[in-house]
Structures are given as structure tokens and as C-alpha cells.
Ligand SMILES: Nc1ncnc2c1ncn2[C@@H]1O[C@H](COP(=O)(O)OP(=O)(O)O)[C@@H](O)[C@H]1O
Ligand SMILES: [Mg+2]
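Residue numbers (this note's numbering), protein chains in the order written: chain A, 7 to 736; chain B, 11 to 239; chain C, 28 to 109; chain D, 28 to 109.
Spelled out as C-alpha cells, the structure:
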């Protein structure tokens with residue numbers, strides 16, 4: 007027996023108060039296995055102890071939401087009996103330690119969350135943040151993460167269709183790797199994790215269990231015996247091949263009425279899946295670890311309960327149906343083992359080698375789960391007058407060249423060409439647009455999906471930044487003509503024990519709540535990653551929003567590339583020329599003072615509704631929202647992708663930095679054929695949205711005025727080659 | 011007319027190619043699990059793209075040893091049409107139904123993009139719907155598409171006009187710069203000497219659907235249909 | 028018994044991985060490194076009491092699966108378990 | 028000089044490739060094969076007249092680039108050119 011020392015308790019991250027609660031409730035000392043279970047279930051990652059009270063406030067329903075937060079993934083109704091199932095998750099720390107495997111297993115993990123609900127994954131997205139481009143580790147992390155994401159997704163045959171990449175020194179020691187998966191299921195065939203039916207079997211399927219990623223208790227587990235080298239917790243290595251088989255096997259079995267409940271083994275492995283399934287069903291669960299498929303010898307109960315080996319699932323099925331179920335997993339060459347039974351005890355009982363290793367009333371794990379009201383202080387930047395950002399003698403065209411080839415604005419093609427973004431043959435709009443469009447297989451409907459965050463806005467004003475993140479996601483879905491339905495999120499923050507960090511969290515959530523409510527864009531799933539901090543320096547608050555929208559018909563959608571010459575270029579929404587926190591300010595003046603641009607949510611909604619109206623009713627096929635970099639960058643992206651230039655025709659007084667590079671929110675650019683112009687203007691006027699006709703598409707040049715013009719091809723080289731040049735350089 | 015699409019563990023373009031085949035052949039292909047010992051009567055056998063066995067060891071190596079393969083090799087030798095796309099091409103070289111092999115892309119990274127291809131042989135039973143030297147656009151998505159064979163084999167392939175497609179640019183220029191993966195002579199697809207087996211890295215099934223953008227792959231499937239009829 | 032199968036690209040066969048490693052090493056300042064070839068090493072445990080049998084089994088496995096003789100050579104070493 | 032760097036997955040780290048090969052060999056009828064681990068073998072030519080130097084260079088290269096120390100172990104053998 008291992009003695010439970012103060013040291014051991016500390017190593018498990020359990021504080022005095024929590025430990026006395028354990029002693030009191032059990033009325034005895036916990037065993038080491040029990041300590042491990044408590045530690046895992048009460049970790050920040052599983053218990054959401056710092057964030058719970060805040061997350062509860064998020065809007066989580068509308069008339070399309072079938073399942074909000076609390077299940078493996080969120081579910082929304084797409085009509086005609088179809089549902090979309092989606093979620094986003096972080097794999098930040100593992101990706102920093104081992105970029106390829108960390109990112110790969112992140113992708114694998116999020117896919118399991120989706121197919122465990124009966125959905126076939128149809129799209130993957132990711133949101134990546136790396137340190138300064140000159141930081142010694144950045145290249146290594148970038149190449150490793152990107153190939154890890156590709157390695158897993160490509161092998162699974164699920165297209166990776168979108169995402170974002172940002173470089174900023176605040177992520178030097180804490181990169182962010184967030185992965186999102188979207189799946190499609192039939193509404194009447196959605197599977198949940200609530201266990202039921204006393205006497206039913208607890209079945210383990212998938213790959214075998216090893217000593218992968220056993221957290222926290224490094225030292226403790228080394229004490230188990232002398233072969234400490236072998237006991238060392240290891241990095242998880244992903245096996246996308248095994249996961250592909252697991253996916254097909256699960257979906258095959260799900261066609262029958264056999265599975266009562268199912269959940270993937272993610273963080274905290276068997277512990278969290280067993281505890282959560284039983285708690286949800288208000289039943290007890292007995293596990294016999296002698297039956298657990300292991301790939302290493304001499305594994306202890308502690309290790310088996312806490313292992314984070316990948317590609318595993320836990321299911322509840324009736325004992326009579328085990329044989330039929332097993333035959334499916336046999337066909338796919340996967341392990342299938344009955345490792346336990348549901349009981350009426352409301353305890354989790356773990357036996358190994360005829361010894362009881364753990365026996366915990368499930369309600370203690372739940373009711374005792376800590377929830378903190380951490381003190382917080384919402385801090386915003388002081389407001390500054392932006393006039394100093396207008397003083398530069400740099401030519402507009404030189405600024406454009408600099409911005410379009412800057413690490414945070416240049417083309418991400420190098421990244422997404424390493425991802426199979428077309429497999430499944432339903433990718434109608436590939437990466438590079440505002441949202442990707444994924445056809446719902448065999449129909450004329452489609453999903454629009456995107457992932458977004460603007461951390462620098464959140465750092466300078468958390469509340470406004472939270473609003474903006476949601477609004478930008480909504481805008482990106484709208485830009486392709488789709489109706490935004492719901493979001494998933496991944497909240498990446500620093501140390502919540504600090505007031506300002508907790509304030510960032512609180513502020514961002516407050517902003518998100520407002521935006522979700524006004525835009526009718528609720529949160530149906532998500533993930534929180536805290537303590538992204540090294541040597542006391544936290545990352546910028548980074549709430550990543552994964553958006554999902556519906557395109558009722560593929561007959562009408564819009565894309566950002568210019569399609570014809572002589573189209574009218576129109577800006578929808580008001581351009582005030584707000585420059586603080588813009589990419590322009592950062593790249594040209596190395597400045598990051600002041601507050602971010604304000605989001606007017608009411609106007610946002612009206613403008614977006616108008617855009618969708620124009621796409622459906624006036625057949626507008628070219629739309630791009632104005633985001634990072636402002637108007638001129640958005641126009642340039644439309645030109646490069648369409649291989650068609652434009653000539654601006656605007657008031658001289660508007661030929662300035664703030665008009666061209668300001669990041670005022672809630673704006674879109676559309677391009678309209680002459681024959682549709684009247685129609686379009688009529689719609690726009692009816693909705694009372696300000697607009698400005700700023701010029702026409704033509705030729706192969708971008709012409710701002712006589713002194714500022716440039717060939718698109720020259721800009722394309724700058725835009726497309728940054729990544730290649732960066733990775734080639736020493 | 012009967013078509014069999016072979017499904018290996020890790021195949022992931024099996025459904026995609028079945029959809030394209032159905033559009034052209036107007037009937038559902040049979041999906042045949044790799045463990046089957048017997049093959050249903052087939053006029054066309056399709057080895058789809060994907061990551062059979064996770065692409066572990068060498069792409070296609072373990073699939074080439076699957077139970078169903080001995081039947082397929084027999085059929086291939088007796089003249090049944092066989093196409094291998096991407097991973098399917100890799101499997102065909104691993105079984106020696108086609109010469110050479112496919113190694114890692116020269117830049118070591120996975121490439122997924124549309125590429126122009128030159129139809130090098132427009133008389134074959136797989137390509138006769140294309141005009142001579144037609145430039146078509148078909149996507150690739152692979153990590154190991156770098157076709158390699160010894161010089162003798164390459165000479166034989168070239169002399170006998172067995173190259174079906176070559177990588178090129180929009181203007182049909184074939185050179186190192188328009189070679190995405192390091193493939194010998196920019197080879198993207200080849201035909202066997204008997205003329206009944208074709209392997210190619212690009213994915214014609216990803217270019218047979220107007221809504222998704224590309225349609226140049228359709229003529230490939232139509233060529234086969236007409237050849238069988 | 029244990030068998031080690033060493034699988035190396037044949038002479039004259041393009042070895043993109045080896046080339047890439049060589050380039051990276053040179054860039055990292057390892058100027059003394061002239062050429063790099065990457066191969067595979069496969070470690071196999073065999074139930075066999077007899078070295079000859081083991082050799083034969085692994086030989087067969089190498090030809091059938093482990094090595095691609097178009098581009099690779101292989102070499103087998105059998106060792107008894109300690 | 029020549030160096031051989033043998034890179035194998037660390038004990039306890041999942042080796043999906045090895046596992047898949049093992050299964051495949053068993054299916055092919057190689058029932059005596061119990062376990063397969065796949066690693067890499069890297070052959071390096073070095074300009075160095077001295078074995079110690081060579082060892083040091085390759086050691087550095089292995090740590091910096093060739094092996095991923097989080098999941099792999101490496102072992103170096105130096106041989107003089109024949
Ligand atoms: N990591 C990534 N993976 C896949 N696609 C990406 C990634 N990063 C960026 N992209 C794609 O590049 C395009 C531009 O991204 P971004 O600048 O973030 O767009 P936006 O400003 O519209 O949100 C989008 O289509 C996006 O999906
Ligand atoms: Mg956008």
C-alpha cells in the first residue's frame with residue numbers, strides 16, 4: 007500500500023480544503039487510485055472550477071439547438087432530419103512539448119467527441135497561435151503542428167477546411183493549438199453519454215491502454231516500483247489509422263439499436279468517462295481492470311484509470327447484445343472488452359487483481375467538485391487619440407505591400423495545402439475564403455464553418471473583444487450567404503488566480519453573452535484552457551469562436567474573389583476610420599495602444615441580414631467581410647483570389663490611412679454587376695444601412711490613385727510567398 | 011456491367027469514387043471488403059485513395075498483401091480493367107501490377123491542390139475521350155506521389171507510350187518547376203503494357219462534380235465506360 | 028529470438044528524407060556531414076528456438092512485406108535473447 | 028568516417044507502425060512473430076579523421092535534429108571507411 011503523504015496530495019493538485027472534504031466524505035483515507043481519481047476529476051481541465059460560474063451565463067439555446075453544452079459535443083437541427091454535431095478543444099501544452107504528436111492527438115480527440123454522438127465528421131478546423139516569428143522555437147513548432155494536424159486529419163479522410171494562424175510574442179512559451187470538428191448525424195440517431203440500465207455491461211473498445219500522458223503524479227507513480235524508467239509518463243502518440251477503424255466500427259454499430267450510451271476516453275481517460283457516464287445516469291459503476299486491454303505489462307490500477315491513451319471509447323450495452331457488438335469490432339480489428347457493469351450503488355468501484363482499489367460515492371466527486379468565485383478585475387487600455395497614427399510619409403502602396411506580406415495578414419496557403427481539404431468531395435468552398443462551405447452529402451444544402459478570434463482586441467478591452475470575436479464569426483458565416491446558427495468556443499487564457507486574468511475571462515464572457523444574444527448565435531459546446539502562462543507572463547486572452555451556419559441551397563452563395571470586370575464595388579456599413587489596435591498601427595507604428603474598434607451589435611445584425619438577403623434575392627455572388635487590415639487589405643484579397651484588379655473612385659479626402667486601413671466593425675464589401683445595381687441599392691436603402699460605392703473592378707492592377715498603383719501579380723508574390731520564404735530562411 | 015470498389019482498412023476515398031462511378035455508369039458499384047477471398051464478377055476493379063493501413067511501413071505495402079489481392083492480381087493478368095487512384099496506385103505498384111514505386115514527395119510535405127495535367131496518351135482505353143495533349147485540371151492529395159523506377163523501366167514506359175498523364179503548368183510546360191513531387195519525367199499516371207491497368211496519383215473523382223468546381227475527371231470515367239461497352 | 032532488419036534505399040534511388048536531413052544539418056552548421064541516407068530498422072521478436080529458422084522466417088517476411096526490392100535492400104541480423 | 032544512428036521509439040511510447048506491421052505479418056501467416064517495433068536508421072558520412080570527433084558531431088546532430096528525444100532513443104555507431 008502506498009502511503010498518502012502530504013507531498014503526494016500536493017502533487018495531485020488537491021488543496022487542504024479539498025482533502026478534508028475527501029476524508030470527511032469517505033470517512034477514511036483515500037487509496038492512491040482514489041486520490042488519482044479525485045485529482046483528475048477535480049482538475050481545472052475536467053471540473054472547470056474557475057470558469058464554471060461564468061460559463062453558466064452563456065446563452066445556449068435557440069430554436070435550432072438540440073443539445074447545448076454538457077455532452078461530448080453540441081447538436082443543432084439542420085432540417086430534413088439532419089443535425090450538425092460540433093465542438094472545439096485545445097491541445098496547447100502537449101503541442102508545445104511535441105508539436106507533431108500534440109497537434110495530431112488534438113485533432114484525434116476532437117473527432118472522437120463528435121463521432122461518439124453518432125455523427126460522421128465532415129470538417130475539421132483549427133486555430134493556431136505561435137510566438138514571435140524570430141523566436142528560436144517558432145519554426146519548429148509551426149512546421150510540427152501543421153504537419154501533425156495534416157497527418158491525423160488526412161489519414162482519417164476528413165477534410166481540414168479552415169482555421170487561423172497568428173504569430174505574437176505573447177505565445178512564445180505557450181502556443182495555442184485549438185482543433186474543431188463538425189459532423190453530420192441523423193436527428194433520430196444521436197447518441198448520448200448518460201448510462202442507464204442496472205446490470206448493463208460497460209464495454210471498452212478501441213486501442214489498448216498504455217502509460218500515455220499520465221498527468222500530475224510523475225513522482226508518485228515512480229514510487230510504484232523500481233523500474234521507474236518504464237513508469238515515466240509519456241507523450242501521447244496518435245494512431246489515426248486506429249481511429250479511422252474506430253470511427254467506422256462505431257458508426258457501423260450505431261446503425262443498430264445496441265448502444266445505450268457511449269463516450270470517448272479523452273482527458274483523464276477511463277476515470278472521467280466512467281464517472282461522467284454513471285453520474286449522468288444516476289447509477290453506480292463497477293470496473294474490473296483485470297479485463298482492461300493493456301499494451302504494457304504490470305500496469306497498476308492507478309495507471310489504468312488515469313492513462314490518456316488515445317483512440318478508445320466506453321459504451322454501455324445490454325449483455326445479450328455483446329456478441330453482436332463484438333463482431334463489428336472484430337471485423338475492424340479493434341479490441342472489445344467487457345470491463346464492468348452498471349450497479350444501483352451510485353458508487354464507482356474499481357477492482358484489480360481481486361483487490362478493491364477504489365470505492366467512491368459518485369455524488370462526492372460531483373458535489374465535492376470545487377467551484378471558485380475567483381476575484382476579478384476587468385482592465386481596459388486607456389483611450390488614446392489616434393491622430394499620431396496618421397503622421398507618416400509612407401506611400402499608401404508601400405504600406406499595402408508591407409501589410410499584405412506581413413506574417414499575420416499574408417496567405418495561409420502554405421498551411422492548408424498540407425491538409426487534405428477536399429476529401430469526401432463535399433468541399434464547395436475551400437480554405438482561403440471567409441468560411442468554408444461543406445455540402446451536406448447527397449443534398450443541395452451546405453454548412454458554412456469558420457474559426458476566429460482577435461486576441462489583441464480582447465487584451466485591450468476584454469468585453470469589446472469578446473463581442474467582436476462572436477460578431478466576426480457571425481460575419482464570416484454571413485459572408486458566404488449562410489445563416490449563422492450556433493458556435494462552439496475555446497477559451498484560452500492565462501492564470502485565473504490573478505485578478506486581471508480572471509477579469510479578462512469575465513469581460514470576454516460578458517461580451518460574448520451580449521453578442522450571442524443579440525445575434526441569436528448561442529454556444530452549444532466548448533472548452534477552457536487556463537494557465538497559459540510562463541514566468542508570470544500570460545498570453546493575450548484568446549477566445550476562439552468556431553461558427554456553424556446553414557446554407558439552405560447551394561444555388562446561392564457568395565465567395566470573396568472578384569468574378570468579373572466592371573463590377574461595382576460597394577462597402578456596406580459605416581467607415582469611420584478607426585485605427586487603434588489595427589494591424590496597420592501594429593505593423594507600421596509598432597503601436598498597440600488604445601481601445602479596439604467598437605461593435606454595434608444591433609447594426610451588425612441588420613447589416614448581416616441585408617447581406618444574406620442580397621445573396622439570395624439579388625444573386626450577389628461576391629462578398630468579403632472587412633476584418634484585420636481594413637478595407638484595402640480586404641479589397642486586395644478579393645483581387646488576388648479573383649485575378650481581377652480594381653480602380654478606386656473615392657473622394658480625395660478619403661485617400662488616407664484611416665479610411666483604407668481602419669478596422670471599423672460590421673462591414674462587408676460586395677461587388678455588383680451593373681444590371682443588378684439598382685436592385686441592390688434598393689435593398690440596401692430599404693434596410694437603412696449606410697453604403698458607399700467606391701469604384702469598379704477592372705484590369706490586372708490595383709489602382710488607388712495616380713501615384714498608387716500596382717500589378718496584382720506583384721502583390722500575389724508578396725502575399726503568397728511569405729511562409730515559404732520564412733521557412734527557408736535561417 | 012459490374013464494378014467493384016475495394017475497401018481496405020484506412021481507405022477514405024472509397025465513397026467519393028463510388029459516387030463518381032455511379033454518376034457515369036448509372037449503377038452502384040459493389041463495395042468489396044479487403045478480407046473477402048472471392049471477388050464478385052467485375053468488369054472494372056477500383057482501388058481507391060486513402061491511407062490503407064495508415065500508410066504505415068510503406069504506402070500500399072500492407073494492402074498489397076490483403077486476402078482479396080490475389081484475386082485481383084489474377085483478374086488483372088487476364089485483362090480485367092483495374093484503376094488505382096492515389097493510394098490505389100501505390101497498391102498497384104506494391105503488387106507489381108504496375109512497374110516502379112511511389113516515394114515521398116521531394117519537399118517532404120503533403121500536397122493538396124488542383125494541378126494541371128497533360129494527357130500524354132489520349133488513345134488508351136482510359137483516356138480516349140480526351141484530345142491529344144489536352145491540359146486538364148485535377149486535384150492531388152498525397153504525401154508519397156513521387157514516381158520512381160530505374161532508368162530501364164522508365165525508358166520502357168516512355169518508349170511504349172505508357173504514360174497516361176504528366177504534371178505540367180497551365181500552358182502544358184513539363185519541367186522540374188511544374189513537377190510538384192519529384193516524380194520521374196513528371197509522371198502522374200501510367201498504364202500497363204496490356205493496356206488494362208492504370209494507376210494515377212491525381213483524383214479524377216474529385217473533378218467530376220460541377221458544384222464542387224472541377225469536371226475534367228469525368229472524361230476519364232466516360233472513357234472507361236465506353237471501353238468496357 | 029530477436030531479429031533486426033535493416034532496410035536501406037538502394038544505391039541510385041532518390042532518398043528525399045535523407046537529402047532533406049542532410050540539408051538541414053548543413054544549415055544547422057554541421058558542415059562536416061557529407062551525406063545522409065535514411066532507412067528503416069525493424070526489430071522483431073520471434074518464437075523460434077533455432078537461428079536458422081528465425082533467419083528464414085524473417086527473410087520471407089522481408090521479401091513479402093518489409094522491404095520493397097525495387098528501391099530497397101535489406102539485411103537481417105538474428106540475436107538470441109539475453 | 029561513417030556513422031550509423033539507430034533511432035527507436037522509447038519504451039512505453041505507442042508505436043502504431045510497428046503494431047500495424049505486426050498484425051499484418053500475423054495475418055500473412057507469420058504466426059511466430061510476436062512483436063514488431065519500427066525505428067529509423069540513418070547513415071551519415073562525416074569528414075573527420077578522428078572517431079571521437081565524429082562521435083561528438085553525430086551526438087549533437089542526433090540531439091538537435093535526428094531524434095525526437097521526447098519519444099525516441101538513439102544509439103550511435105561510428106565506423107571507419109573501409
Ligand atoms: N490553420 C489553418 N488551417 C486551415 N485554413 C486556414 C488556417 N489558417 C487560416 N486558414 C484559412 O485562411 C483564410 C484566411 O484566414 P483569416 O485571415 O483568419 O480569415 P478571416 O479574417 O476571414 O477570419 C480562411 O479561409 C481560413 O480558413
Ligand atoms: Mg473574413
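Even glycine gets a Cβ: it sits at the ideal position worked out from N, Cα and C. Fair warning: this is a prediction, and the values are worked out from it, not measured in the lab.
If you check the CB distance, residue 328(A) and residue 344(A) come in under 8 Å. Residue range 246-260 is occupied by the alpha helix (DSSP H) that includes residue 246(A). Around the C-beta of residue 88(C), 16 or more other C-beta atoms lie within 10 Å, and the residue is accordingly described as buried.
Between residue 170(A) and residue 133(A), the C-beta gap is smaller than 8 Å, which places the two residues in contact. Around the Cβ of residue 394(A), a 10 Å sphere holds fewer than 16 other Cβ atoms; the residue is exposed. In the DSSP secondary-structure assignment, residue 65(C) is bridged to 69(D). Against chain D, a Cβ distance below 9 Å from residue 143(B) picks out nothing, because the smallest value is about 42 Å. Scanning its chain for C-beta atoms nearer than 7 Å, with the 5 sequence neighbours on each side dropped, one finds around residue 101(C) the residues 32, 33, 34, 89, 93 and 94, in chain order. The segment 87-106 of chain B makes no contact with the segment 166-174 of chain B; the number of CB pairs closer than 8 Å stays below 3. Excluding sequence positions up to five before and after residue 83(B), its CB lies within less than 7 Å of the CB of 105 and 107, all in the same chain and listed in chain order. With respect to chain D, the C-beta atom of residue 370(A) has no partner C-beta closer than 8 Å. With 16 or more other Cβ atoms from the protein chains shown falling within 10 Å of its own Cβ, residue 618(A) counts as buried. Within the segment 48-77 of chain D, the residues whose Cβ lies closer than 9 Å to any Cβ of chain C are, in chain order, 48, 49, 51, 52, 55, 57, 58, 59, 60, 61, 62, 63, 64, 65, 66, 67, 68, 69, 70, 71, 72, 73, 74 and 75. Distances from the CA of residue 713(A) to each of 658(A), 472(A), 684(A) and 700(A) were compared; the closest alpha carbon is that of 658(A). The closest CA to that of residue 670(A), considering only 632(A), 656(A) and 705(A), is found on 632(A).
Residue-level contact check: residue 22(B) touches chain A, since one or more beta carbons of chain A fall below 8 Å from its beta carbon.
In this structure, the beta-carbon distance from residue 84(A) to residue 434(A) does not fall below 8 Å. At least one C-beta of chain A is nearer than 8 Å to the C-beta of residue 39(D). The beta carbon of residue 351(A) lies closer than 7 Å to those of 290 in the same chain, with the five residues before and after it left out. Taking a C-beta distance under 8 Å as the contact criterion, residue 123(A) and residue 77(A) qualify as a contact pair.
Contact check for residue 331(A) against residue 47(A) fails: the beta carbons are separated by 8 Å or more.
Each residue's CA atom was taken as its position, placing residue 261(A) and residue 255(A) some 10 Å apart.
Apart from the 5 residues on each side of it in sequence, residue 607(A) sits with its Cβ closer than 8 Å to the Cβ of 473, 477, 520, 521, 524 and 525 in its chain, given in chain order. When the beta-carbon positions are compared, residue 202(A) and residue 267(A) come within less than 8 Å of each other. The way I'd put it, the segment 300-311 of chain A doesn't touch the segment 372-390 of chain A; fewer than three beta-carbon pairs between them come closer than 8 Å. Within the DSSP bridge table, the entry for residue 199(B) names 175(B) and 210(B) as partners. Identification of residues in the segment 63-97 of chain B having a C-beta nearer than 7 Å to some C-beta of chain D yields 63, 64, 66, 67, 72 and 75, given in sequence order.
With at least 16 other beta carbons inside 10 angstroms of its own, residue 18(A) counts as buried. For residue 216(B), a Cβ of chain A is located within less than 8 Å of the residue's own Cβ. By the criterion of at least three beta-carbon pairs nearer than 8 Å, the segment 676-688 of chain A is in contact with the segment 618-630 of chain A. Residue pairing by DSSP places residue 23(B) in no beta bridge whatsoever. Relative to residue 155(B), the option among 27(B), 68(B) and 38(B) whose CA is nearest is 68(B). Of all alpha-carbon atoms in 192(A), 719(A), 32(A) and 429(A), the one lying nearest the alpha-carbon of residue 122(B) is that of 429(A). Beta-bridge partners assigned by DSSP to residue 292(A): 347(A) and 355(A).
Among the residues facing chain B, residue 105(A) is not included, as its CB has no counterpart in that chain under 8 Å away. Annotation: the continuous beta strand (DSSP E) that includes residue 43(B) extends over 40-43.
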